[in-house]
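Enquirer:
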Amino acid sequence: MSTSLHHRAIEHLGTRIVAGDLPPGHVMLAEHLEDELKVSRSVVREAVRVLQSLGLVETIKRVGIRVLPSNRWNPFDPLVIRWRLAGEGRGAQLRSLAELRTAVEPVAAELAAANAPESLRRELVEISHAMRDAGQAGDVPRFLELDILFHSLLLTGSGNEMFANMVGQVTETLTGRTLHGLMPDHPRETALQWHVEVAEAIAAGDAAAAREASNRIMRETISEMEPNWKNQPRVFVPVERH
782 MSTSLHHRAI EHLGTRIVAG DLPPGHVMLA EHLEDELKVS RSVVREAVRV LQSLGLVETI
842 KRVGIRVLPS NRWNPFDPLV IRWRLAGEGR GAQLRSLAEL RTAVEPVAAE LAAANAPESL
902 RRELVEISHA MRDAGQAGDV PRFLELDILF HSLLLTGSGN EMFANMVGQV TETLTGRTLH
962 GLMPDHPRET ALQWHVEVAE AIAAGDAAAA REASNRIMRE TISEMEPNWK NQPRVFVPVE
1022 RH
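Residue numbers (the numbering used here): 782 to 1023.
1. Let me know if Val885 comes out buried or exposed under the rule of 16 or more other beta-carbons within 10 Å of its beta-carbon.
2. Measuring only the C-alpha atoms, how far is Pro804 from Asn1009?
3. Using 10 angstroms around the beta-carbon of Glu843, count the other beta-carbons present and answer buried if the total reaches 16, otherwise exposed.
4. If we count the other Cβ atoms within 10 Å of its Cβ and call it buried at 16 or more, is Ser785 buried or exposed?
5. Run through DSSP, which three-state label would Met947 get?
6. With DSSP as the reference, label Glu926 as helix, strand or coil.
7. Tell me, which residues are paired with Glu839 by DSSP?
8. Determine whether the Cβ of Leu960 lies closer than 8 Å to any Cβ atom of chain D.
9. Among Thr952, Ser909, Leu955 and Ser900, which one has its Cα closest to the Cα of Thr971?
10. Which runs of the alpha helix (DSSP H) at least 4 residues long sit entirely within the segment 805 to 838? Give them in chain order.
11. Is the beta carbon of Leu936 sitting closer than 8 Å to the one on Val951?
12. Hey, would you say Val1016 sits closer than 8 Å to Asn852, going by beta carbons?
13. For Arg797, tell me which candidate among Ile846, Leu955 and Gly868 has the shortest Cα-Cα distance.
14. Run through DSSP, which three-state label would Phe1017 get?
15. Please list, in chain order, all residues of the same chain as Leu818 whose beta carbon is under 6 Å from its beta carbon, the five residues on each side excluded.
16. With a threshold of 7 Å on Cβ separation, who are the neighbours of Glu827 within its own chain once the five nearest residues in sequence on each side are excluded?
17. Can you tell me the Cβ-Cβ gap for Gly919 and Leu973, rounded? I've got them flagged as a contact below 8 Å.
18. Which one of Met947, Arg871, Ala988 and Ser900 has the shortest CA to CA distance from Arg962?
Here you go:
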């Protein structure tokens, strides 16, 4: 039960902060949160600790728990991504993630063609064909499961541990797009084929073809999703000067 209460407290506060219901500078008191959430002080303390680790709040002695501006949040954390995708900032979050993936995934595909273990290459080909079958059948849950696995293997197959640590962000992106109705029940045949081409190029060790096919996927993704972020403001993070 304590784990459930802890999770509920994090979700309640996190979603409200990211949505702007609790604006930057707003100060909360632990005792008020206990009453509001109907939880113990220890649950509030643990929830605040998690939110601090995400950059959403800071605790100030004899003042309280202060909400921080969005440029202090950890934009790579899957929880922050999930909350942003669920709110009015969805378009801006989708844009940031799509641009990040466009910069990384074609390079990851190129590296996977050069470095991935043979077993991973075979699995990627099998998954790409299963994705095509699920997409053609309109099996949305199965397609999502395979899509997440495909891109996770692509990133980890690069042999770059920093790329591999983007799996959580990509998982939240694909899951969020599906949950919020931003993925078609039947993906375009060309997009399904490009996933097969990425996998087969990696399996064949053709780095240039793998990169180009992955780049086509990402360009198509941006083209499809662009209306969702039209006129959405960008976030300019101040550079720390020492």
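Note that CB positions come from ideal geometry on N, CA and C, so glycine has one too.
Expert: A quick look at the data gives this:
1. buried
2. 24 Å
3. Correcting the residue identity first, residue 843 is Arg in this sequence and not Glu. Counting Cβ neighbours within 10 Å, Arg843 comes out exposed, since fewer than 16 surround it.
4. exposed
5. coil
6. helix
7. Arg847
8. Of the protein chains in the structure, only one exists, and it is not chain D.
9. Ser909
10. 811 to 818 and 822 to 834
11. yes
12. yes
13. Gly868
14. coil
15. Ala790
16. His787
17. Contact flag wrong, Cβ pair sits at about 12 Å.
18. One detail in the question is off: residue 962 reads as Gly in this sequence, not Arg. Out of Met947, Arg871, Ala988 and Ser900, Arg871 has the C-alpha closest to the C-alpha of Gly962.
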